[in-house]
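Below is one structure; the comments refer to it alone.
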Amino acid sequence: MAKVGIVMGSDSDMPVMAKAADILEKLGISYEMSIISAHREPEVFFEYARGAEEKGFRVIIAGAGMAAHLPGMCAAIFPMPVIGIPMHTTSLGGRDSLYSIVQMPAGIPVATVAINGGANAGLLAAKILAVSDPELLERLKAYSAQLKEQVESKDEKLQREGYKAYLESMKK
Numbered sequence: 019m020a021k022v023g024i025v026m027g028s029d030s031d032m033p034v035m036a037k038a039a040d041i042l043e044k045l046g047i048s049y050e051m052s053i054i055s056a057h058r059e060p061e062v063f064f065e066y067a068r069g070a071e072e073k074g075f076r077v078i079i080a081g082a083g084m085a086a087h088l089p090g091m092c093a094a095i096f097p098m099p100v101i102g103i104p105m106h107t108t109s110l111g112g113r114d115s116l117y118s119i120v121q122m123p124a125g126i127p128v129a130t131v132a133i134n135g136g137a138n139a140g141l142l143a144a145k146i147l148a149v150s151d152p153e154l155l156e157r158l159k160a161y162s163a164q165l166k167e168q169v170e171s172k173d174e175k176l177q178r179e180g181y182k183a184y185l186e187s188m189k190k
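Shown next, in the form of structure tokens:
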């Protein structure tokens with residue numbers, strides 16, 4: 019049974035939403051991914067949001083651009099946490115999406131990550147689930163330790179080679 023629902027309004031959102039799925043997979047969290055337009059197929063959307071708890075979802079990650087109603091509407095219907103990912107847009111650079119998701123009315127919160135912040139949405143979903151899952155919490159701690167080791171390794175290389183050689187190696 020999937021613990022996280024990942025939903026997007028368009029397949030153009032897939033590259034960002036895939037980053038959330040990648041994190042969930044890395045941490046061993048089951049998910050289900052769907053493309054549903056709240057505007058173009060409202061009946062399908064309402065069925066998705068109303069049935070999400072029964073499907074076993076504990077968190078929904080919803081990505082949307084422009085008017086970005088999908089995350090907020092999920093939060094209005096689904097009783098558990100919703101994480102919104104505002105998508106970058108060509109007209110306003112994603113600020114329209116960000117404002118639409120983050121400026122929810124009182125009583126309908128949506129946790130919001132950065133514009134195109136798919137990976138952080140996956141990590142936030144994992145952290146929410148880890149509150150009641152000690153094994154997942156340990157996997158998250160190990161993931162954080164890996165991130166620390168990556169930064170330390172990069173600094174060691176910088177100290178060893180100097181910034182000019184480091185920059186040159188980044189171009190390759």
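Residue numbering for the sequence shown follows my numbering, starting at 19 and increasing by one per position.
Here a beta-carbon is modelled for each residue, glycine too, at the ideal position from N, C-alpha and C.
Inset, instruction - Rank G46, S48, D40, P60 by C-alpha distance to the C-alpha of M27 and give the top, closest one. - result: According to the sequence as given, residue 27 is Gly; it is not Met. The shortest Cα separation from G27 among G46, S48, D40, P60 belongs to P60.
Legend entry - Distance between S118 and Y161 (C-alpha atoms, nearest Å): Going by the C-alpha atoms only, they are around 31 Å apart.
Legend entry - A82: first and last residue of the uninterrupted alpha helix (DSSP H) it sits in: Here A82 belongs to no alpha helix (DSSP H); instead the beta strand (DSSP E) covers 77 to 82.
Legend entry - In DSSP terms, what A129 is bridged to: According to DSSP, which records beta bridges pairwise, A129 is partnered with I101.
Inset, instruction - Just grab the DSSP bridge partners of G23 for me. - result: Partner(s): E50, I78.
Legend entry - Which listed residue (E71, M91, K172) has its alpha carbon closest to that of I126: Closest in C-alpha terms to I126, from the list E71, M91, K172, comes M91.
Inset, instruction - Using a threshold of 8 Å, state whether the C-beta atoms of I103 and A67 are closer than that. - result: For I103 and A67, no; Cβs fall outside 8 Å.
Inset, instruction - Determine the burial state of P5: buried for a count of at least 16 other Cβ atoms within 10 Å of its Cβ, exposed for fewer. - result: For residue 5 there is no data in the structure shown, the boundaries of the chain being 19 and 190.
Inset, instruction - Look at the alpha carbon of F96 and the alpha carbon of I133, and state the distance between them as a whole number of angstroms. - result: Per the coordinates, the alpha-carbon of F96 lies some 23 Å from the alpha-carbon of I133.
Legend entry - As assigned by DSSP and simplified to three states, the class of P123: Reduced to three states, the DSSP call for P123 is coil.
Inset, instruction - On a CA-only basis, which of D29, D31, A39 is nearest K21? Give me that one, please. - result: Out of D29, D31, A39, A39 has the C-alpha closest to the C-alpha of K21.
Inset, instruction - Please check the pair G83 and D31, which I expect to be a contact at CB under 8 Å, by giving their CB distance rounded to whole angstroms. - result: Contact check for G83 and D31: beta-carbon distance about 7 Å, within the 8 Å limit, so the pair qualifies.
Legend entry - Member of M188, L147, E167 whose CA lies at the smallest distance from the CA of G74: For G74, the nearest C-alpha among the options comes from L147.
Legend entry - Limits of the alpha helix (DSSP H) - the one that H106 falls within: Following the DSSP letters along the chain, one finds H106 in no alpha helix (DSSP H), marked with neither H nor E.
Inset, instruction - For L110, count neighbouring Cβ atoms within 10 angstroms of its own Cβ and tell me buried if that reaches 16, exposed if not. - result: With fewer than 16 other Cβ atoms inside 10 Å of its own Cβ, L110 counts as exposed.
Legend entry - Through-space distance from R157 to H57, alpha-carbon basis: For H57 and R157, the gap between their C-alpha atoms comes out near 38 Å.
Legend entry - Span separating the alpha-carbon of Q164 from that of G69: Approximately 36 Å, taken between the alpha carbons.
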